[in-house]
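Below is one structure, written out as structure tokens; comments come after it.
2 protein chains.
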Amino acid sequence: MVRPVKVGIVGLGPRAEVLLAAFLRMDEMEVIAVCDLHEEPIRKTLGIFERYGKPAPKTFTNYHEMLKLEELEGVFIPTSWNSHLAIAADCMEAGKYAAIEVGGASSIEELWQLVHAYERTKTPVMMLENACYCRDELMVLNMVRKGLFGELVYCEGGYEHNLRNNLARMENTGEERAYHNRFRNGELYPTHELGPLAKILRINRGNRFLSLTSSATKSVSIPAYRRELTAKGEPYPDVPFNQGDVITTIIKCAGGENITLTHSVSMPRPYSRNGRVQGTKGIWLEDVKGIYIEGMSRDETLIDPAGNPYDRHFWDPVESFYEKYDHPVWKTDKDKLVGGHGGLDSLAIRAFLHAVRNRENPPIDVYDVAAWMAVTCLSEQSIAMGSMPVAFPDFTNGKWIRREPTPRNRWSLDEVCEECFED
Amino acid sequence: MVRPVKVGIVGLGPRAEVLLAAFLRMDEMEVIAVCDLHEEPIRKTLGIFERYGKPAPKTFTNYHEMLKLEELEGVFIPTSWNSHLAIAADCMEAGKYAAIEVGGASSIEELWQLVHAYERTKTPVMMLENACYCRDELMVLNMVRKGLFGELVYCEGGYEHNLRNNLARMENTGEERAYHNRFRNGELYPTHELGPLAKILRINRGNRFLSLTSSATKSVSIPAYRRELTAKGEPYPDVPFNQGDVITTIIKCAGGENITLTHSVSMPRPYSRNGRVQGTKGIWLEDVKGIYIEGMSRDETLIDPAGNPYDRHFWDPVESFYEKYDHPVWKTDKDKLVGGHGGLDSLAIRAFLHAVRNRENPPIDVYDVAAWMAVTCLSEQSIAMGSMPVAFPDFTNGKWIRREPTPRNRWSLDEVCEECFED
Chain A
1 MVRPVKVGIV
11 GLGPRAEVLL
21 AAFLRMDEME
31 VIAVCDLHEE
41 PIRKTLGIFE
51 RYGKPAPKTF
61 TNYHEMLKLE
71 ELEGVFIPTS
81 WNSHLAIAAD
91 CMEAGKYAAI
101 EVGGASSIEE
111 LWQLVHAYER
121 TKTPVMMLEN
131 ACYCRDELMV
141 LNMVRKGLFG
151 ELVYCEGGYE
161 HNLRNNLARM
171 ENTGEERAYH
181 NRFRNGELYP
191 THELGPLAKI
201 LRINRGNRFL
211 SLTSSATKSV
221 SIPAYRRELT
231 AKGEPYPDVP
241 FNQGDVITTI
251 IKCAGGENIT
261 LTHSVSMPRP
271 YSRNGRVQGT
281 KGIWLEDVKG
291 IYIEGMSRDE
301 TLIDPAGNPY
311 DRHFWDPVES
321 FYEKYDHPVW
331 KTDKDKLVGG
341 HGGLDSLAIR
351 AFLHAVRNRE
361 NPPIDVYDVA
371 AWMAVTCLSE
381 QSIAMGSMPV
391 AFPDFTNGKW
401 IRREPTPRNR
411 WSLDEVCEEC
421 FED
Chain B
1001 MVRPVKVGIV
1011 GLGPRAEVLL
1021 AAFLRMDEME
1031 VIAVCDLHEE
1041 PIRKTLGIFE
1051 RYGKPAPKTF
1061 TNYHEMLKLE
1071 ELEGVFIPTS
1081 WNSHLAIAAD
1091 CMEAGKYAAI
1101 EVGGASSIEE
1111 LWQLVHAYER
1121 TKTPVMMLEN
1131 ACYCRDELMV
1141 LNMVRKGLFG
1151 ELVYCEGGYE
1161 HNLRNNLARM
1171 ENTGEERAYH
1181 NRFRNGELYP
1191 THELGPLAKI
1201 LRINRGNRFL
1211 SLTSSATKSV
1221 SIPAYRRELT
1231 AKGEPYPDVP
1241 FNQGDVITTI
1251 IKCAGGENIT
1261 LTHSVSMPRP
1271 YSRNGRVQGT
1281 KGIWLEDVKG
1291 IYIEGMSRDE
1301 TLIDPAGNPY
1311 DRHFWDPVES
1321 FYEKYDHPVW
1331 KTDKDKLVGG
1341 HGGLDSLAIR
1351 AFLHAVRNRE
1361 NPPIDVYDVA
1371 AWMAVTCLSE
1381 QSIAMGSMPV
1391 AFPDFTNGKW
1401 IRREPTPRNR
1411 WSLDEVCEEC
1421 FED
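Here the protein sequences come in this chain order: A and B. Quick note on numbering: the first sequence equals residues 1 to 423 in the numbering used here. Quick note on numbering: the second sequence equals residues 1001 to 1423 in the numbering used here.
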């Protein structure tokens, strides 16, 4: 049994509730403190602890007071997109490991502040990007590191999720998404798809994002949906809605690879993260649930009407690679999944707890957070300037060229550690 | 029986051979003249006519001589990417309908020359873009015009075709593709995917392409493949190869829609044209062979770990829409397909012959040709300038705003004419 890590939570909104569904089932941690500006969510949270038969945590309405608890080792910060980075920096200044939720930045400056907080305190921040620990993304990372895809050239990802019901009604969807989509226009939610791709492409460890262009379609899906609701007798105010229905962003990397991202949360369609990882030897394409590896997957030679031969190539189902190439973390932890997003939340949480317990750098660190979240404000800038290319700052100040992959344990998303089964 | 149209062919290379596999099986036409600069392909072509038991055509080595044949009504021009536009303009000046093959332009100026040739002579040119007559593309056009997709917002297309064998060996693949890919870097082959999308989006008839950005990955797949061949004892010269392995181009339309195109001909993978057509009510996605239409396709409501409901949406197989929504042309002609590309060539050819026979504007006309082919040189410019946005000229000089869809017959790709069964 590992030593339970003592943690606190700042922000007791809907996302905290989902996190607690994992926290309160995990022996690896104790939630000793919770904080919210308001009494009502604190009361609700204490009720959840009671239902799980867990001892009540200390409660705070000012997180600066909570950070004075000496025994506190790490803090989860499921607050709003506009507040979690500044709170994380304060946690780091207090010597507490910080765990933030996903999202994008509003300015490059708030990311520099986070980087400076880390460099001043050497206390890490991690983004709980659960998609990095999805089975297929982990397996593709493993296959890429084993060389099966050859030299990487091109990736795609997306967040295509029909959230129209929430967006049209301007309800709080748990991350104030509706408000950001109403007032902004850009790649507002890049990390679910970009996180795994950035790790696969060794961003900040021998590679980096150089520049991007971003393009937005018109915004007509939410107004159309509101008109439908109104016609059904559910009138909604026809307030402006800025976010384009589909945002396409192309990121150029120092290694010569491009990444295309698609953001779309207002259109009716099945969910997809649009995963694609492609190299000189193979390709994974999430939407076809397929992988093609040259020399391993099926090819056929056919004859055209003029008598000339041509080749056809066929997808293998992703599942056919699981037995041989599942990532070691998936094998060790697939029966321990608890909580939200099919239990994937618990993998990102365990990775964070491991880093806190061992005072290590987490697998998604401050430079990853800064690079991934910068996509959002840079995308807004590019769109505002007619899709002009805009440059990424180098948040590592040149260290990316020779930065070693960290941490060296089984949670690493940089290297695949077959023998690292410590916890 | 319709009156056979009298046609000639300029350029007797590999593409002409594939075209002849359709021509010589079609009663709607007579090939009365063929032309090539060289005697050898003329001899080979005469042999093909003999094998089909067809009367030998007149032969020419100078197409200007061929164009003097008064009975000649239309000319097919399967010549190189660098020559077919100028030859088409000469055909139009001689009063002969011109049919060009697919490809992209090297300059905006060569497209203006084509447009001016049409406006001076009123003799049309058509691009034989067979992909516009593919079953699924035709059906999606039909469904869009019936309103099933709502207001269109976003489209994607691609030409992802593993042609590495030809490209690495610098062989002539029938359209000097290898040479263009060696020296250029851009969206060199846009029309297979863009043609159907442009028609669905009413480009040049109430809509137009406004601008694009284009991004190229590094070019490493061909050099890697050449090293493999060399290692196997088939040495190939390591000459420079400019074309990026994956080119991504985003076109903005006047109607507020975006189109993302992917060009990739050097990477090992299954073939795809990446089709996607998306509106406020539905989406077609080629790679999943699926369509989702709101209110028609399956939805389910599930509960997350915090007890909140969320929706899942499911694809319907494309085939499930065939019976009800197949395009009228597919129904009338699906049993008459002959020749290349699964017989699709013959649909584009019949559309051209219909226009010639009736002295009508063809369904893909000079303004379509100019807009579609302009993507290639504009993409090169954008890539050369670090993915800067570049503007499309308006080849219609403003006429696109109120241009009527033409022709009004069953071959139209602008409107779907249920009752137009004339031939």
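Glycine is no exception: its CB is placed at the ideal position from the N, C-alpha and C atoms. Owing to the predicted nature of the structure, the values given are computational and were not obtained by experimental measurement.
Report the rounded CA-to-CA distance for Leu1085 of chain B versus Leu1111 of chain B, giving the unit in angstroms. 8 Å
Can you check which of these residues, B:Asn1409, B:Thr1213, B:Arg1043, is closest to Met1388 of chain B by C-alpha distance?
B:Thr1213
With a threshold of 6 Å on Cβ separation, who are the neighbours of Glu1073 of chain B within its own chain once the five nearest residues in sequence on each side are excluded? Val1005, Lys1006, Val1356
*By the criterion of Cβ-Cβ separation under 9 Å, what are the contact partners of Phe1314 of chain B in chain A?*
Pro270
Checklist entry - Helix, strand or coil for Lys6 of chain A per DSSP? => result Of the three classes helix, strand and coil, the one that applies to Lys6 of chain A here is strand, per DSSP.
Does the beta-carbon distance from Cys91 of chain A to Val115 of chain A come in below 9 Å?
When the beta-carbon positions are compared, Cys91 of chain A and Val115 of chain A stay at least 9 Å from each other.
- The beta strand (DSSP E) with Pro1268 of chain B in it runs from where to where? Unbroken run through Pro1268 of chain B: none, as it is neither H nor E.
Discussion item. Our contact map puts Glu286 of chain A next to Asn274 of chain A with C-beta atoms below 8 Å; I'd like the distance itself, whole angstroms only.
Written reply: About 6 Å separates the beta carbon of Glu286 of chain A from that of Asn274 of chain A, a gap short enough to meet the 8 Å contact definition.
| field | Against chain A: residues of the region 1248 to 1260 of chain B by CB proximity under 8 Å | value | Correct list: Thr1248, Ile1250, Lys1252, Gly1255, Gly1256, Glu1257, Asn1258, Thr1260.
* Rounded straight-line distance, which links the Cα of Ser1211 of chain B to that of Lys1252 of chain B -> Cα to Cα, Lys1252 of chain B sits roughly 5 Å from Ser1211 of chain B.
- Since Ser83 of chain A sits in a beta bridge, which residues does DSSP pair it with? Paired residues: none, contrary to the question.
inquiry  = For a test of the three-state rule: what should DSSP assign to Asn425 of chain A, helix, strand or coil?
reply    = In this structure chain A extends from 1 to 423, so residue 425 of chain A is not present and cannot be described.
In whole angstroms, what separates the C-alpha of Asp1414 of chain B from that of Thr1191 of chain B? 16 Å
Quick check: is the beta carbon of Ala374 of chain A nearer than 9 Å to any beta carbon in chain B? no
Handout entry: Residue from A:Ala374, A:Val246, A:Ile291, A:Thr280 whose Cα sits closest to the Cα of Gln1278 of chain B
Key = A:Val246
Is Ile283 of chain A close to chain B, meaning its C-beta is less than 9 Å from at least one C-beta of that chain?
yes
Using the Cβ count rule (16 or more neighbours within 10 Å means buried), how would you classify Ser1320 of chain B? Note on Ser1320 of chain B: under 16 other CB atoms within 10 angstroms of its CB, so exposed under the neighbour-count rule.
Are there any heavy atoms of the ligand COA lying less than 8 Å away from the beta-carbon of Arg1403 of chain B, as far as the coordinates show? Looking at this structure, you won't find the ligand COA or any other ligand, since it has none at all.
Notebook entry, point to check: What does Ala1162 of chain B reach in chain A if we use C-beta pairs closer than 8 Å?
Noted result: Note on residue identity: the sequence assigns Asn, not Ala, to residue 1162 of chain B. In chain order: Asp311, His313.
Contact check, Gly1340 of chain B vs Asp238 of chain A under 8 Å by CB: the rounded distance? Contact doesn't hold; Cβ gap of about 52 Å is too wide.
**Message:** To be precise: take each residue of the region 186 to 220 of chain A, compare its Cβ to all Cβ atoms of chain B, and keep it if any distance is under 7 Å. Which residues remain?
**Reply:** Thr213, Ser215, Thr217, Lys218, Val220
For the putative contact between His1327 of chain B and Asn1142 of chain B, defined by C-beta atoms under 8 Å, what is the C-beta separation to the nearest angstrom? 5 Å
* To do: Can you say whether Glu28 of chain A is buried or exposed, counting buried as having 16 or more other CB atoms within 10 angstroms of its CB?
  => buried
* To do: Would you kindly report the start and end of the unbroken beta strand (DSSP E) that includes Arg1276 of chain B?
  => In the DSSP assignment, Arg1276 of chain B falls within the beta strand (DSSP E) that extends over 1276 to 1279.
Using a Cβ-Cβ cutoff of less than 7 Å, which residues in the same chain neighbour Gly1174 of chain B once the five nearest sequence positions on both sides are dropped? With a pLDDT of 47 at Gly1174 of chain B, under the threshold of 50, the predicted position of this residue should be treated as unreliable, though the coordinate-derived value follows. Cβ neighbours of Gly1174 of chain B beyond the five flanking positions: Gly1013, Pro1014, Arg1015.
Ala1348 of chain B and Cys1132 of chain B closer than 9 Å at C-beta:
yes
Within chain A, partners of Ser1387 of chain B - CB distance below 8 Å: Contact annotation for Ser1387 of chain B against chain A: Ser211, Thr213, Ile250, Lys252, Pro389 [CB-CB distance below 8 Å, chain order].
**Asked** Given a threshold of 16 other Cβ atoms within 10 Å of its Cβ, counted over all protein chains shown, does Lys1199 of chain B qualify as buried or as exposed?
**Response** With 16 or more other Cβ atoms inside 10 Å of its own Cβ, Lys1199 of chain B counts as buried.
Can you confirm whether Lys1022 of chain B, when its beta carbon is compared against all beta carbons of chain A, has any partner nearer than 9 Å?
A small correction: the amino acid at residue 1022 of chain B is Ala; Lys does not occupy that position in the sequence shown. Yes, its Cβ sits closer than 9 Å to a Cβ of chain A.
Q) Quick one, are the C-beta atoms of Ile1383 of chain B and Gly1244 of chain B less than 9 Å apart? A) With contacts defined as CB atoms closer than 9 Å, Ile1383 of chain B and Gly1244 of chain B qualify as a contacting pair.
* Which of the three DSSP states, helix, strand or coil, is assigned to Lys1289 of chain B? -> Looking at Lys1289 of chain B - three-state DSSP - the assignment turns out to be coil, as it is neither helix nor strand.
- Does the region 123 to 139 of chain A come within contact of the region 394 to 409 of chain A, defined as at least 3 CB pairs closer than 8 Å? no
- Query: Under a three-way DSSP split, which group does His1038 of chain B fall into?
  - Reply: coil
Q) Buried or exposed: where does Glu156 of chain A fall if 16 or more other Cβ atoms within 10 Å of its Cβ makes it buried? A) buried
**OP:** Could you check which residue in A:Val265, A:Arg3, A:Arg202, A:Glu137 has the C-alpha nearest to that of Ala371 of chain A?
**Re:** A:Arg202
Can you list, in chain order, the residues of its chain with a C-beta nearer than 8 Å to that of Met1139 of chain B? Leave out the 5 residues immediately preceding and following it. Val1318, Phe1321, Tyr1322, Tyr1325, Asp1326, His1327, Trp1330
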